[in-house]
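Enquirer: Before I ask anything, let me first share the structure, which is written out below as structure tokens.
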Amino acid sequence: MHQQDSSTLVLFSERPEWADVTPLEQYEGVNPLAPIYYSEEYKDATSYFRGIVKAGEMSPRVLELTEAIIRMNPAHYSAWQYRYKTLLELNNPLDDELALMDEIAVKHLKTYQVWHHRRLLVARTREPARELAFLSRSLRADTKNYHTWSYRQWLLAYFNEDTLWERELDFVGDLLEEDLRNNSAWHHRFFVVFQSGVRKGDEDRGAVAQREISFAKQYIAKAPNNASVWNYLRGVLEHSKIPFSELQIFVTPYTLPQRSEDDAPAEVIDLENPLPSKLAQLPCVAAIEFLADVHEAAGGDSIMKATELWKLLADEHDTIRKKYWEYRIREALRTV
Amino acid sequence: MSPPPGDLPPFTRFGHGTHCKRCLVGLPGSQVDIDPSKLALAFYCIGSLDLLNQLLDKTKQDDRESWREWIWEQQVCGPYGAGFKPGPYMSSIKEDSTEGNVPQLIVTYTALLTLAILRDDFTRLDRTGIAQLLGVCQREDGSFSTEPYGGDTDLRTVYCAFAIANMLDNWSTINIDQSVEFMRSCRTYEGGYGQFPFCEAQGGTTYCALSALHLSGRGDRISPTERKQTIRWLVQKQDISGGFVGRTNKAADACYCFWCGASLNILGVGTLVDEDALRSFIGSCQHKFGGIAKAPKEHPDPYHTYLSLAALSTQATAARAGPDGNIGHSAANAHVDPSRSTSWELPPLDPLLNATVDTAAWAREHIPKSTNA
Ligand SMILES: [Zn+2]
């Protein structure tokens, strides 16, 4: 399991301990489609790999060979698959393999195979705790990496151990503290709070929903033009079947232009309905959209209030979605 | 339907065709990661030429012939049934049955489409074998594994399996409702679909879910409320650059112009996209030596080239569709100048199979036929 740089790799064809293997060159066909001009090292290693697979050999040196290939091409599906089979056949300690993967994964966060291999290993070792620690490190390198997040979600749901869930909310909280537009973190929060069962202390679902609504409000007050937090807020309301109208008082100040210093009213601090900061870019598109949805749900005469807001979005504040807001007007009027 | 003159850069269609042709001729050693999905790359290249209407005059009859031969060489069969492998990277002889030479679902989907683009008659297709493969790959939770003996199982493979079943016109080996349940479990509070259950909503996998539901005639499994929420999420993905982002608050990427634009099209509201802004974004992703990149100033690749073209083609289809949503059969082809034109006009696309309307029609006509001559 030593680390090797592919440029300093001694060709397998030059290693006496591989002399007993017949390397098999790649068959290309008469007129190959999009042939790849392989490097000498890659051609050499994969020829030996084809030879090994043909012979069905599963020995420690297979691990060395597949590691060399994976380092040159982490997308080499067959190398991963054969490596996994060999590990099991040899009864190799899978912890060692995971340690090696820690290093390889961080280099190739965007390669499917790296993560698939990990899932297979951990489903056997059944030690998810060390994985969470690794994931926290690798998310720091790329806070929105889809593979890393989906692996974390799989891990939590698959093992579903109380101790694993314990620190998740704090973990997400820290990430949002660093970047409040990190949608992956918002999504993860929803998953942890609403989609993964009820944990101790969270039995009162109404209170949990209110806690999350307050949490979202604080983040909207910090930076109103953030689609992630609005989507989260909507998600919480819809999931908990709370009508949007319950937030009308909170949302309204965000739908208005920024107050000038003079006409700002003496502020009464309302912790439940934090006001936008003086620096916020107002009016906020998502707030206008939210308020229009409140009016649309009310029906009757309120539909006209909704259409006025949509018109405002179409013509002034969100012109790239002009056709969408006009569509909303048509749809709403169609049902009147 | 032509864009307003002025702001739009010329659409360098000739260069885009050249980029794809160049990749078909050969790839540098730095791109070894293409090997396990070689046939998919071929689809993006040949599909781009199809969308640009350059296949007949930019490629030679002999080349097209040999490409078809090469693709047929990737058809493999075994106890799992039959399908296409990504390429010969694990083969040392022509018909190599050693481990590693197994079919892959995503690749099988792209192989069928590529052969349809090349107007193959499909007499060599192992239809029963492919239907069997779909059954073998389906997991208990309704998802499909990429390969008969393992691999990822996610929404992408559900889509590919459903697209294959649709082209074969054979659903007998699949439990559709179980897959529908799986897709529903990938839906998120935002209104899009994630790659696996519990994962963040993402444009590509949202397309996979919506398209798969419609390919199997299960579009009505999306409730009116869900549909409204999904449309909202999709239009929200177009940002001020004019391009689409794949997830909330990410940067625009040309491929999502297709994944999100086609999703809206499937939901019957393709015209909600700001077409001019979309064209201007894709225009800015064009590389000066041909090809389209994921974002301005990035390197082009066949994947983003194809999906950008497909996005433009989807928009053309949405705009051309009448109020009843019917698309005039290949009416656009007549207007397309295949030469060095810089016109933005492209033939209409079948948004469910992700191929031109003509190619999709060819696939649906020739793939299901029995080989008894
Ligand atoms: Zn992309």
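Chains A and B, in that order, are what the protein sequence lines are.
In terms of our numbering, the first sequence has 482 at position 8, counting the first letter as 1, and numbering is strictly consecutive.
In terms of our numbering, the second sequence has 456 at position 355, counting the first letter as 1, and numbering is strictly consecutive.
We put the beta carbon where it would ideally sit given N, CA and C, even for glycine.
Which residues, in order along the stretch 627-642 of chain A, keep a beta-carbon less than 7 Å from a beta-carbon of chain B?
Expert: 627, 628 and 631
Enquirer: Would DSSP call residue 695 of chain A helix, strand or coil?
Expert: Looking up residue 695 of chain A in the first sequence gives position 221. Residue state, collapsed to three classes: helix.
Enquirer: For a test of your reading of the model: does the CB of residue 386 of chain B fall under 7 Å from any non-hydrogen atom of ligand 1? Yes or no.
Expert: Position 285 of the second sequence, counted from the start, is the residue given in the question as residue 386 of chain B. False, no ligand heavy atom lies under 7 Å from that Cβ.
Enquirer: Say yes only if the C-beta of residue 356 of chain B is nearer than 7 Å to one or more non-hydrogen atoms of ligand 1, and no if none qualify.
Expert: By one-based count along the second sequence, residue 356 of chain B stands at place 255. Under cutoff, so the answer is yes.
Enquirer: For the stretch 109-125 of chain B against the stretch 383-394 of chain B, are there 3 or more C-beta pairs whose distance is under 8 Å?
Expert: yes
Enquirer: Label residue 446 of chain B either buried or exposed according to how many other C-beta atoms from any shown protein chain fall within 10 Å of its C-beta, with 16 as the threshold for buried.
Expert: Within the second sequence, residue 446 of chain B is the residue found at index 345, counting from 1. Residue 446 of chain B should be labelled buried.
Enquirer: Comparing the C-beta of residue 507 of chain A with each C-beta of chain B, is any distance below 8 Å?
Expert: Residue numbering aside, residue 507 of chain A sits at position 33 when the first sequence is read from its first letter. Taking Cβ atoms only, chain B reaches closer than 8 Å to residue 507 of chain A, which makes this a yes.
Enquirer: Quick check: is the beta carbon of residue 478 of chain A nearer than 8 Å to any beta carbon in chain B?
Expert: Along the first sequence, read from residue 1 onward, the residue named residue 478 of chain A stands at position 4. Below a pLDDT of 50, predicted positions are generally treated as unreliable, and residue 478 of chain A, at 49, falls in that range; no measurement from the model is reported.
Enquirer: Hey, could you find the ends of the alpha helix (DSSP H) residue 362 of chain B is sitting in?
Expert: Indexing the second sequence from 1 puts residue 362 of chain B at position 261. First-last of the alpha helix (DSSP H) with residue 362 of chain B: 355-367.
Enquirer: Taking 7 Å as the cut-off, is the C-beta of residue 559 of chain A nearer than that to any heavy atom in ligand 1?
Expert: Residue numbering aside, residue 559 of chain A sits at position 85 when the first sequence is read from its first letter. Checking every heavy atom of ligand 1 against the Cβ of residue 559 of chain A, none is found closer than 7 Å.
Enquirer: Shorter than 8 Å from the beta carbon of residue 794 of chain A to some beta carbon of chain B?
Expert: Position 320 of the first sequence, counted from the start, is the residue given in the question as residue 794 of chain A. Judged by the 8 Å Cβ criterion, residue 794 of chain A is in contact with chain B.
Enquirer: Enumerate, from N- to C-terminal direction, the unbroken alpha helix (DSSP H) stretches of 4 or more residues contained entirely within the stretch 503-582 of chain A.
Expert: 514-529, 534-546, 551-564 and 568-581
Enquirer: Using the three-state DSSP reduction, which class does residue 794 of chain A fall into: helix, strand or coil?
Expert: The residue labelled residue 794 of chain A in the question sits at position 320 within the first sequence. In this structure, residue 794 of chain A counts as helix in the three-state DSSP scheme.
Enquirer: Compare the C-beta of residue 784 of chain A with all C-beta atoms of chain B and state if any pair is closer than 8 Å.
Expert: Within the first sequence, the letter at position 310 stands for residue 784 of chain A. No, its Cβ sits nowhere closer than 8 Å to a Cβ of chain B.
Enquirer: To be precise: take each residue of the stretch 327-339 of chain B, compare its Cβ to all Cβ atoms of chain A, and keep it if any distance is under 9 Å. Which residues remain?
Expert: 329, 330, 332, 333, 334, 336, 337 and 339
Enquirer: Could you tell me if the beta carbon of residue 395 of chain B falls within a distance shorter than 7 Å of some heavy atom in ligand 1?
Expert: Locating residue 395 of chain B in the second sequence gives position 294, where the first residue counts as 1. Within the cutoff, so yes.
Enquirer: So if DSSP puts residue 254 of chain B in a beta bridge, which residue, or which two residues, is it bridged to?
Expert: Position 153 of the second sequence, counted from the first residue, corresponds to residue 254 of chain B. Answer by DSSP bridge pairing, in chain order: B:246.
Enquirer: Would a C-beta distance cut-off of 8 Å place residue 753 of chain A and residue 726 of chain A closer than the cut-off?
Expert: Counting from one through the first sequence, the residue named residue 753 of chain A turns up at place 279. Counting from one through the first sequence, the residue named residue 726 of chain A turns up at place 252. No, these two residues do not count as a Cβ contact at 8 Å.
Enquirer: Using beta carbons (cut-off 8 Å, strictly below), is residue 109 of chain B in contact with chain A?
Expert: Counting from one through the second sequence, the residue named residue 109 of chain B turns up at place 8. Not one chain A Cβ lies under 8 Å of residue 109 of chain B.
Enquirer: Does DSSP put residue 115 of chain B in a helix, a strand or coil?
Expert: Stepping through the second sequence from its first residue, residue 115 of chain B is reached at position 14. Helix, per DSSP.
Enquirer: Can you list the residues of chain A that residue 230 of chain B reaches, using a CB-CB cut of under 8 Å?
Expert: Translated into positions along the second sequence, residue 230 of chain B becomes position 129. Chain A residues near residue 230 of chain B: none, gap ~21 Å exceeds 8 Å.
Enquirer: Grab me the residues of residue 791 of chain A's own chain with a C-beta within less than 7 Å of its C-beta, minus the 5 sequence neighbours each way, in chain order.
Expert: As a first step, residue 791 of chain A must be located in the first sequence, where it is residue number 317. Excluding sequence neighbours, residue 791 of chain A sits near 757, 759 and 762.
Enquirer: In chain A, what lies closer than 9 Å to residue 137 of chain B by C-beta?
Expert: Sequence index remark: in the second sequence, residue 137 of chain B carries index 36 (1-based). Under the 9 Å cutoff, chain A gives 547, 549, 550, 551, 552 and 587.
Enquirer: For residue 730 of chain A, count neighbouring Cβ atoms within 10 angstroms of its own Cβ and tell me buried if that reaches 16, exposed if not.
Expert: Position 256 of the first sequence, counted from the start, is the residue given in the question as residue 730 of chain A. So residue 730 of chain A counts as exposed.
Enquirer: Would you mind working out which of B:463, B:231, B:214 and B:405 sits nearest residue 388 of chain B, comparing C-alpha positions?
Expert: Residue 388 of chain B sits at position 287 when you count from the first residue of the second sequence. For the residues B:463, B:231, B:214 and B:405, the minimum Cα distance to residue 388 of chain B belongs to B:405.
Enquirer: Return yes when at least one heavy atom of ligand 1 lies under 7 Å from the C-beta of residue 591 of chain A, else no.
Expert: Sequence index remark: in the first sequence, residue 591 of chain A carries index 117 (1-based). Not so, every heavy atom of ligand 1 lies at least 7 Å from the Cβ.
Enquirer: Pick helix, strand or coil for residue 318 of chain B, following the three-state DSSP scheme.
Expert: Numbered from its first residue, the second sequence carries residue 318 of chain B at position 217. Three-state result, residue 318 of chain B: coil.
Enquirer: Beta-carbon within less than 6 Å of residue 124 of chain B's beta-carbon, same chain only, minus the 5 sequence neighbours each way: which residues are those?
Expert: Here residue 124 of chain B refers to the residue found at position 23 of the second sequence. Cβ neighbours of residue 124 of chain B beyond the five flanking positions: 146 and 403.
Enquirer: Would you please verify whether the beta carbon of residue 426 of chain B is less than 8 Å from any beta carbon of chain A?
Expert: As a working note, residue 426 of chain B is residue 325 in the second sequence. Low local confidence applies: a pLDDT of 41 at residue 426 of chain B is under 50, so the model's placement there is unreliable, with the coordinate-based value given in what follows. So no, residue 426 of chain B is outside the interface.
Enquirer: Look up residue 649 of chain A in the DSSP assignment and say whether it is helix, strand or coil.
Expert: The sequence position of residue 649 of chain A within the first sequence is 175, counting from 1. Under the three-state reduction of DSSP, residue 649 of chain A is assigned to helix.
Enquirer: Is there a C-beta anywhere in chain A that falls below 8 Å from the one on residue 386 of chain B?
Expert: Locating residue 386 of chain B in the second sequence gives position 285, counting from the first residue. No - not a single Cβ of chain A is within 8 Å of the one on residue 386 of chain B.
Enquirer: Can a CB atom of chain A be found closer than 8 Å to the CB of residue 300 of chain B?
Expert: On the second sequence, position 199 is the one that residue 300 of chain B refers to. Interface residue, yes.
Enquirer: Per the DSSP calculation, residue 379 of chain B is bridged to which residue(s)?
Expert: For this step, residue 379 of chain B is matched to residue 278 along the second sequence. Answer by DSSP bridge pairing: none, since residue 379 of chain B is not bridged.
Enquirer: Please list the terminal residues of the continuous alpha helix (DSSP H) segment that includes residue 146 of chain B.
Expert: As a first step, residue 146 of chain B must be located in the second sequence, where it is residue number 45. Segment 139-152, the alpha helix (DSSP H) holding residue 146 of chain B.
Enquirer: Between which two residues does the alpha helix (DSSP H) containing residue 279 of chain B stretch?
Expert: Taking the first residue of the second sequence as position 1, residue 279 of chain B is located at position 178. Taken as a continuous stretch (DSSP letters only), the alpha helix (DSSP H) holding residue 279 of chain B covers 277-286.
Enquirer: Just verifying my parser: in three-state terms, what is the DSSP assignment at residue 457 of chain B?
Expert: By 1-based counting over the second sequence, the position of residue 457 of chain B is 356. Correct three-state label for residue 457 of chain B: strand.
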